[in-house]
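Count the sequence shown with this note's numbering and you get residues 1427 to 1745, in order. Structure first, then comments.
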Amino acid sequence: MFCLGIESTAHTFGIGIVSDRGEILSNVSSIYKPPKGWGIKPTDAAQHHKKISQTLLKKSLKLAKKTLKDIELVAFSQGPGLPPCLHTGLNFAKQLKKPLIGVNHCIAHIEIAKLLTGAKDPITLYVSGANTQILGFTEGRYRCFGETMDIGAGNALDKFGREIGLSFPAGPKIERLAKKGKYTELPYVVKGMDLSFSGIVTAALNKFKKGTPIEDLCFSIQEIFFSMLTEVTERALAHTGKKEVLLTGGVAANKRLKEMLEIMCKERKAKFYTVPKEFAGDNGAMIAWTGTLAYKSGMKTKEEVLPRQRTDEVDVEWI
Ligand code: AMP
Ligand code: MG
């Protein structure tokens, strides 16, 4: 069976085609970029998605060497996400006139990473622009053991970067500058299992205004953010007794974050996995694969979008 998956929660419109044996036949996407100095305007992103959809459909089928007739199932990203973008994805999915299944975006990030790394039952650290969650499967759902109480770590890095003159996405640029920096004190904000990033950004910007070199601020913001993430991930491992850590989401590209997690895993004799870069950010293949798992387990979903759907609200019947 072949499934076509559509990702459209935010800046990325992606289409992927996978087989039910977990072969990825194609994975194409187009990213909406807001004008310089601006954040995403949801209706503009949705327009971008609508405009590009037919082109990407053709491209994905061609790459997969399939026609629409070969596709038996269409999976769409149901939420969480920006409502206009989610609706564009669902409307496009409906036009294809196939059985439809809705997929939770965050769970899709976990499932594609499990497929590609071979991780079986990990604690997942999912760190992207908009999301930061520490997740693990127990009793029928992906439980959220910890999460950000304000913005995602990626957005926090981007916001800090924007204010000190780095273009979007700032994460990779901060990583480069950090190599030349030394530590300057910033707040460390972990409350139980939850984290908060925006106050740290404010503190770093205050230091910037007082003349602290940006290299030092980039180094320190990374050390603080990634120590916080590693601390909560370690505690989730300890409490659940799981033996694997899986890193996914756009910030998974950062070498320093990987290094810290690797050290922690080594000390705890846990295995450490990182999703391959191509599948770290939002993509259609992850929706197609998770839709396949859900469909084969007999799950059904309504043809609706759920902009505020939480990871731990979804019953996972395929595990
Ligand atoms: P996503 O939302 O999953 O597409 O991820 C995008 C986010 O990942 C943006 O906030 C980027 O700044 C961040 N990002 C990408 N590469 C890196 C990196 N090398 N270090 C830190 N953050 C990164
Ligand atoms: Mg994402």
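Using N, Cα and C, we set each Cβ at its ideal position, and we do this for glycine too. Owing to the predicted nature of the structure, the values given are computational and were not obtained by experimental measurement.
| Item | Value |
| --- | --- |
| Presumed contact (8 Å Cβ cut-off) between I1450 and G1440, rounded CB distance | Not a contact, Cβ separation roughly 12 Å. |
| Continuous alpha helix (DSSP H) stretch holding L1516: start and end | 1509-1521 |
| Secondary structure, beta strand (DSSP E): runs of 3+ residues fully inside the region 1483-1511 | 1497-1505 |
| Neighbourhood of S1456 by C-beta, 6 Å cutoff - its chain only, sequence neighbours within 5 removed | F1439, I1478 |
| Alpha-carbon spacing of K1697 relative to S1723, whole angstroms | 28 Å |
| Proximal residues to S1554 (C-beta, below 7 Å), its chain only, five neighbours per side dropped | G1578, G1580, G1675, G1676, V1677 |
| Cα-Cα separation between E1657 and K1488, rounded to whole angstroms | 45 Å |
| DSSP beta-bridge partners of V1731 | According to DSSP, V1731 bridges with nothing at all. |
| Check whether A1436 and L1508 have beta carbons under 7 Å apart | yes |
| Counted within 10 angstroms of its Cβ, other Cβ atoms place H1475 as buried (16 or more) or exposed | buried |
| Whole-angstrom distance between F1586 and R1602, CA atom to CA atom | 15 Å |
| Spatial distance of L1687 from F1652 (CA atoms) | 9 Å |
| Terminal residues of the beta strand (DSSP E) in which N1457 lies | Looking at the sequence provided, one finds Ile at residue 1457 rather than Asn. From DSSP, the beta strand (DSSP E) with I1457 extends over 1450-1457. |
| Distance CB(A1471)-CB(M1712) smaller than 7 Å | no |
| Given K1622 as reference, the closest of L1732, I1640, E1641, I1647 once Cα atoms are compared | A quick correction: the sequence has Ser, not Lys, at residue 1622. Checking every option, the nearest Cα to that of S1622 belongs to I1647. |
| Buried versus exposed call for L1516 [16 or more other C-beta atoms within 10 Å across all chains shown] | buried |
| Contact set for G1634: own chain, Cβ-Cβ below 8 Å, skip 5 residues either direction | Looking at the sequence shown, residue 1634 is not Gly but Phe. Taken in chain order, the residues that qualify are E1589, I1590, I1640, L1643. |
| Among K1524, T1514, K1669, L1512, nearest to E1498 - alpha-carbon criterion | K1524 |
| Three-state secondary structure (DSSP) of E1433 | strand |
| Cβ neighbour criterion (16 or more within 10 Å) applied to N1632 | exposed |
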